Amino acid sequence: MKSKAVVLGLYGANALGVVRSLGYEGIPVVGFHQQGRFPHAAYSKYLEEAHFAESEEGLLEKLVEFGKTQDEKGVLFATGDNYVVFCQHHAEELEPYYHVPLARERLCDLIKKQNLINLGRKAGFLVPQSQYLSEERRIDFPVLAKPVNSLGTSKSDFYVFQSAEEFERIRQQLLEKYGEMVLQQYIPGGVRSNVEVHTYLSTQGPLIAGMLRKLYAVKNSVPGSLGALVETIWEDELLVPSLRITEMLGFKGALDINLKQHAETGKYYFLEVNFRTSANNMLDTVAGLNLPAIIYYDLTGNDISSLAGKKHKIGARWLMENRWLKCLANGDCSPEDMGDVDVLVFFDPKDPLPALMALDETLSFKSA
104 MKSKAVVLGL YGANALGVVR SLGYEGIPVV GFHQQGRFPH AAYSKYLEEA HFAESEEGLL
164 EKLVEFGKTQ DEKGVLFATG DNYVVFCQHH AEELEPYYHV PLARERLCDL IKKQNLINLG
224 RKAGFLVPQS QYLSEERRID FPVLAKPVNS LGTSKSDFYV FQSAEEFERI RQQLLEKYGE
284 MVLQQYIPGG VRSNVEVHTY LSTQGPLIAG MLRKLYAVKN SVPGSLGALV ETIWEDELLV
344 PSLRITEMLG FKGALDINLK QHAETGKYYF LEVNFRTSAN NMLDTVAGLN LPAIIYYDLT
404 GNDISSLAGK KHKIGARWLM ENRWLKCLAN GDCSPEDMGD VDVLVFFDPK DPLPALMALD
464 ETLSFKSA
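In the working numbering, the protein residues as written are 104 to 471.
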């Protein structure tokens with residue numbers, strides 16, 4: 104029996120991208136989903152079966168039960184931060200049956216913002232000035248306040264303070280709510296300043312699946328924005344530090360390195376690392392390296408040279424349909440801005456059912 108690729112979380116663009124990327128290579132894929140969000144990928148033709156659980160305990164039980172029926176270890180793919188945390192918490196129970204995405208060191212220590220910033224600096228990236236919220240020394244304003252732990256938080260937990268006076272008004276409230284936060288120098292720049300590098304530490308060494316830049320996004324009330332249109336790029340100066348931090352982290356899974364280009368100097372600053380595939384991972388598959396397939400074959404002891412040796416296409420575009428419609432409605436973009444799109448999130452003519460199932464009675468896509 105061939106090893107199964109086991110996708111944790113079937114919601115949205117990330118899950119669909121992982122399932123389709125694996126399916127394109129003929130890899131058998133099953134999905135496990137903790138109920139609460141719409142499971143778009145459950146309707147993909149590339150998914151052999153889907154299992155649903157109402158709780159974390161139920162999810163673990165179903166995974167262990169499934170693992171016991173398999174002849175070979177499966178490969179776990181966490182498509183959301185909650186599933187990354189789940190894998191760390193239950194590694195001991197899961198490892199007999201699965202290749203679990205883990206790091207050399209405890210992930211809960213690595214993901215602390217200051218630890219990541221220090222690693223980014225050691226890898227050779229420029230990093231923003233930063234300090235803890237409880238410290239009395241002050242960095243220059245404006246500043247961005249983030250929870251210490253990257254996982255289990257959202258952009259709604261991020262705050263931008265333009266002045267020391269504004270900051271002091273709610274400093275104590277933040278300490279009471281979060282216990283501690285990291286204050287980070289705010290790097291100026293709009294949507295197009297946001298860059299991602301997707302990497303993986305294979306048995307043959309670190310590799311880069313793709314680099315991309317946001318072009319248009321749905322602007323929200325908290326720092327950051329929801330990418331609607333993204334384009335592949337290649338910046339040689341990001342190559343060495345990206346590969347270096349991938350080696351330093353020693354994580355056996357996909358990494359999504361987030362950077363920001365300073366609007367005035369043009370220099371790139373390291374912000375954080377997500378220990379999972381990015382929502383736009385399908386763009387790598389179409390225009391770069393099929394990272395989910397590479398991870399699967401690498402962890403199951405197969406040759407990855409043909410997949411890892413593909414050339415990167417620069418200027419390829421990924422579009423999330425529902426977010427693009429919101430950008431149009433908000434006046435943040437125009438139809439002419441779309442250009443030639445290489446991959447859509449939901450609609451794939453070879454795999455149309457997820458898009459159809461995501462439509463509601465008003466023919467607008469569910470939020471993702």
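Yeah, the Cβ is synthetic: ideal placement off N, Cα and C, and Gly gets one too.
In this text, all values refer to a predicted model and were calculated from it rather than measured experimentally.
Lys165 in three-state terms, based on DSSP:
Numbered from its first residue, the sequence shown carries residue 165 at position 62. Helix, per DSSP.
Just to confirm my understanding: we take Tyr281, look at its own chain, exclude 5 residues before and 5 after, and list those with CB closer than 6 Å. What are they?
By one-based count along the sequence shown, residue 281 stands at place 178. Closer than 6 Å at the Cβ level, and outside the excluded window around Tyr281, lie Pro250.
Other residues of its chain near Ile290: CB distance less than 7 Å, five sequence neighbours each side excluded:
Taking the sequence shown and counting its residues from 1, the one referred to as residue 290 is at position 187. The residues are Pro231, Lys363, His365 and Tyr372.
I'd like the list of long-range same chain contacts for Ile417, defined as Cβ closer than 6 Å, with 5 residues on each side in sequence excluded.
Locating residue 417 in the sequence shown gives position 314, counting from the first residue. For Ile417, same chain residues with a beta-carbon under 6 Å away, outside a window of 5 residues either side, are Thr335 and Trp337 in chain order.
Beta-carbon proximity list for Gly356, same chain, < 6 Å, skipping 5 on both sides:
By 1-based counting over the sequence shown, the position of residue 356 is 253. Its chain contains Pro204 as the residues whose beta carbon lies nearer than 6 Å to that of Gly356, once the 5 sequence neighbours on both sides are disregarded; these appear in chain order.
Taking Ala411 as the reference, give the member of Gly353, Leu332, Arg224 and Gln307 with the closest Cα.
Counting from 1 along the sequence shown, the entry for residue 411 is found at position 308. Among Gly353, Leu332, Arg224 and Gln307, the Cα nearest to that of Ala411 is on Gln307.
Return the chain-ordered list of same chain residues with a C-beta closer than 8 Å to the C-beta of Pro438, the five sequence neighbours on each side being excluded.
Here residue 438 corresponds to residue number 335 of the sequence shown, with the count starting at 1. Cβ within range, chain order: Leu431.
Apart from the five residues on each side of it in sequence, which residues of its chain come closer than 8 Å, Cβ to Cβ, to Gln265?
Counted from its first residue, the sequence shown places residue 265 at position 162. Phe244 and Pro245, listed in sequence order.
Nearest neighbour of Phe378, chosen from Val109, Phe180, Lys148 and Glu279 [CA to CA]
On the sequence shown, position 275 is the one that residue 378 refers to. The candidate whose alpha carbon is nearest that of Phe378 is Phe180.
Contacts around Leu447, its chain only, beta-carbon distance under 7 Å, and the 5 residues preceding and following it disregarded:
Locating residue 447 in the sequence shown gives position 344, where the first residue counts as 1. Excluding sequence neighbours, Leu447 sits near Leu422 and Glu424.
Comparing C-alpha positions only, which one of Phe135, Glu152 and Lys322 sits nearest to Asp435?
Position 332 of the sequence shown, counted from the first residue, corresponds to residue 435. The shortest C-alpha separation from Asp435 is found at Lys322.
Residues of its chain near Arg224, where Cβ-Cβ distance is below 6 Å and the 5 sequence neighbours each way are ignored
Numbered from 1 along the sequence shown, position 121 holds the residue referred to as residue 224. Counting only Cβ-Cβ distances below 6 Å, and skipping sequence neighbours, we find Val230.
Measuring alpha carbon to alpha carbon, tell me which residue in Thr302, Asn297, Gly313 and Leu310 is nearest Tyr476.
Because the chain is modelled from 104 through 471, residue 476 falls outside the range shown and cannot be assessed.
Going by DSSP, what residue range makes up the beta strand (DSSP E) through Lys322?
In the sequence shown, residue 322 corresponds to position 219, counting from 1. Note, Lys322: beta strand (DSSP E), Gly308 to Lys322.
Thinking Ile130 and Ala312 are a contact (beta carbons under 8 Å), I'd like their distance in whole angstroms, please.
Along the sequence shown, one-based indexing puts residue 130 at 27. Along the sequence shown, one-based indexing puts residue 312 at 209. Contact between Ile130 and Ala312 does not hold, since the beta-carbon distance rounds to 16 Å and is not under 8 Å.
How would you write the range of the alpha helix (DSSP H) that Phe270 sits in, first residue to last?
If you number the sequence shown from 1, residue 270 lands on position 167. Bounds of the alpha helix (DSSP H) holding Phe270 are Ala267 to Tyr281.
I need the DSSP call for Arg420, collapsed to helix, strand or coil.
What you label residue 420 is simply residue 317 of the sequence shown in a count that begins at 1. In the three-state reduction of the DSSP assignment, Arg420 falls in the strand class.
Rounding to the nearest angstrom, what Cα-Cα distance links Leu111 and Gly183 in this structure?
Indexing the sequence shown from 1 puts residue 111 at position 8. Indexing the sequence shown from 1 puts residue 183 at position 80. Within the model, the alpha-carbon separation for Leu111 versus Gly183 is close to 8 Å.
Using DSSP's beta-bridge definition, name the partner residues of Glu375.
Walking along the sequence shown from the start, residue 375 turns up at place 272. Looking at the DSSP output, Glu375 shares a beta bridge with Asn361.
At the level of alpha carbons, what is the spacing between Ile348 and Gly391?
As a first step, residue 348 must be located in the sequence shown, where it is residue number 245. As a first step, residue 391 must be located in the sequence shown, where it is residue number 288. Straight-line Cα distance between these residues: approximately 20 Å.
Taking DSSP as the reference, what is the three-state secondary structure of Thr380?
Reading the sequence shown from its first residue, position 277 is the one you call residue 380. Coil at Thr380, not helix or strand.
Pull the bridge partners of Lys249 from the DSSP assignment, please.
By one-based count along the sequence shown, residue 249 stands at place 146. In DSSP, Lys249 forms a bridge with Val285.
Am I right that Tyr200 and Lys165 are in contact with their C-beta atoms under 8 Å? What's the rounded C-beta distance?
Here residue 200 is taken as the residue at index 97 of the sequence shown, counted from 1. Here residue 165 is taken as the residue at index 62 of the sequence shown, counted from 1. Separation of the CB atoms of Tyr200 and Lys165 is rounded to 12 Å, and the pair is thereby denied contact status at 8 Å.
Between Leu315 and Asn383, is the Cβ-Cβ spacing less than 8 Å?
As a working note, residue 315 is residue 212 in the sequence shown. As a working note, residue 383 is residue 280 in the sequence shown. A contact, by the Cβ cut-off of 8 Å.
Determine the extent of the alpha helix (DSSP H) in which Val121 is found, giving its start and end residues.
Against the sequence shown, residue 121 aligns to sequence position 18. In the DSSP annotation of this structure, the continuous segment of the alpha helix (DSSP H) that includes Val121 starts and ends at Gly115 to Tyr127.
Contact set for Ala118: own chain, Cβ-Cβ below 7 Å, skip 5 residues either direction
Your numbering for residue 118 matches position 15 in the sequence shown. Closer than 7 Å at the Cβ level, and outside the excluded window around Ala118, lie Val110, Gly112, His143, Ala144 and Thr182.
Boundaries of the alpha helix (DSSP H) in which His192 is found, first to last residue:
Here residue 192 refers to the residue found at position 89 of the sequence shown. Segment Asp184 to His192, the alpha helix (DSSP H) holding His192.
In whole angstroms, what separates the C-alpha of Leu222 from that of Ser147?
By 1-based counting over the sequence shown, the position of residue 222 is 119. By 1-based counting over the sequence shown, the position of residue 147 is 44. Rounded to the nearest angstrom, the two C-alpha atoms are 38 Å apart.
Could you name the residues that DSSP lists as bridge partners for Glu152?
Numbered from its first residue, the sequence shown carries residue 152 at position 49. Bridge partners of Glu152: Val133.
State yes or no: is the C-beta of Val178 within less than 8 Å of the C-beta of Glu196?
Here residue 178 corresponds to residue number 75 of the sequence shown, with the count starting at 1. Here residue 196 corresponds to residue number 93 of the sequence shown, with the count starting at 1. Between Val178 and Glu196, the C-beta gap is not smaller than 8 Å, which leaves the two residues out of contact.
Based on Cα-Cα distance, which residue from Tyr114, Asn433, Gln191 and Gln288 lies nearest to Ala331?
Taking the sequence shown and counting its residues from 1, one reaches residue 331 at position 228. If we check each option's Cα against that of Ala331, Asn433 comes out closest.
Could you give the DSSP three-state label for Glu195: helix, strand or coil?
Here residue 195 refers to the residue found at position 92 when the sequence shown is read from its first residue. Glu195 falls in the helix class under three-state DSSP.
Straight-line gap, Asn405 to Thr388 (C-alpha atoms, nearest Å)
The count along the sequence shown starts at 1 and reaches residue 405 at position 302. The count along the sequence shown starts at 1 and reaches residue 388 at position 285. Cα to Cα, Asn405 sits roughly 19 Å from Thr388.
Using C-beta distances below 7 Å, list every residue in its chain close to Leu163, excluding the 5 sequence neighbours before and after it, in chain order.
Residue 163 sits at position 60 when you count from the first residue of the sequence shown. These residues qualify, in order along the chain: His193 and Glu196.
Would you list the residues sitting across from Gly330 in a DSSP beta bridge?
Residue mapping note: residue 330 aligns to position 227 of the sequence shown, counting from 1. Gly330 pairs with Ala320.
If you draw a straight line from the C-alpha of Val121 to the C-alpha of Met385, how long is it?
Taking the sequence shown and counting its residues from 1, the one referred to as residue 121 is at position 18. Taking the sequence shown and counting its residues from 1, the one referred to as residue 385 is at position 282. The straight-line gap from Cα to Cα measures roughly 7 Å.
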